[in-house]
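Structure follows, in structure tokens:
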């Protein structure tokens, strides 16, 4: 497809379970971002990749959160031992180049509900 | 770090009314400014952008001007339509495309 694809669209996890969220960026896009969007709030930055290198992970809320992009394309965001406060929409975005003028293209997100 | 402040919502307007959504930012250096829109059931989409001072971004009848002296990027539209009902996010970015978003504002347009 032409856009950023995220799966699953919805995920329900019991507290304490591990989850893995997948992002397929637009082909050829160098930069990839993960954001967390709580209900009624704007997206909050989690982490950033340029190709396979994770250049910024300052937004990851705890060491339970881990992201990877081993081949510089598909990325996975993993959350270990999920907590209720992890419930949110997780957004992935990609851009063609690094730089402040390069707009981000967002996927539809994965809505995570931790019960 | 960068930050964005948007006016409080929600906003409800009648069709063909004039729209202004305020946005101010703090950022170092020479940021780019964006408005993103999220229609019901859809993902975030870029609405318009401006990359330097005094630039005007425009799309779908919406406009916003990058005002460095007032650190603002207010969104305007002369005549809103029901189809403009959505959540609007102002955002600022720095050197590595990392976006910082405002909280968003919900716009509802009545027929």
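Chains as they are written, first to last, in our numbering: chain A, 1 to 115; chain B, 1001 to 1111.
For glycine and all other residues, C-beta sits at the position ideal for the given N, C-alpha and C.
Predicted model, so just to flag it, every value in this text is computed and none were measured.
At least one beta carbon of chain B lies nearer than 8 Å to the beta carbon of residue 102 of chain A.
Membership of residue 1022 of chain B in any beta strand (DSSP E) is not indicated, and neither H nor E is assigned to it by DSSP.
Not a single CB atom of chain B sits nearer than 8 Å to the CB of residue 46 of chain A. Assigned with DSSP and collapsed to three states, residue 1069 of chain B falls in coil, not helix or strand. For residue 1006 of chain B, the closest of B:1106, B:1016, B:1085 by C-alpha to C-alpha distance is B:1106. Per DSSP, residue 1050 of chain B is one residue of the beta strand (DSSP E) stretching across 1044-1050.
Going by beta carbons, residue 50 of chain A and residue 23 of chain A fall outside the 8 Å limit. For residue 60 of chain A, the CB contacts under 7 Å within the same chain, skipping 5 residues up- and downstream, are 46, 47 in chain order. By the Cβ criterion, the segment 1027-1041 of chain B is in contact with the segment 1090-1104 of chain B, since at least three pairs of Cβ atoms, one from each stretch, lie closer than 8 Å.
In the DSSP assignment, residue 50 of chain A is bridged to A:31, A:53.
When Cβ-Cβ separations below 8 Å define contact, residue 56 of chain A makes contact with chain B.
Excluding sequence positions up to five before and after residue 1092 of chain B, its CB lies within less than 7 Å of the CB of 1002, 1004, 1025, 1027, 1031, 1033, 1100, all in the same chain and listed in chain order.
In the DSSP assignment, residue 11 of chain A is bridged to A:112. In the three-state reduction of the DSSP assignment, residue 85 of chain A falls in the helix class, which pools H, G and I. Apart from sequence neighbours up to five positions away, the residues of its chain that approach residue 13 of chain A with a beta-carbon distance below 8 Å are 19, 82, 112, 113, 114, 115, ordered along the chain.
Contact with chain B is absent for residue 49 of chain A, since none of that chain's Cβ atoms lies less than 8 Å from the residue's Cβ. Here DSSP, grouped into helix, strand and coil, assigns residue 24 of chain A to strand. The residues 1048, in chain order, have a CB closer than 7 Å to that of residue 1058 of chain B in the same chain once the five nearest residues on each side in sequence are set aside.
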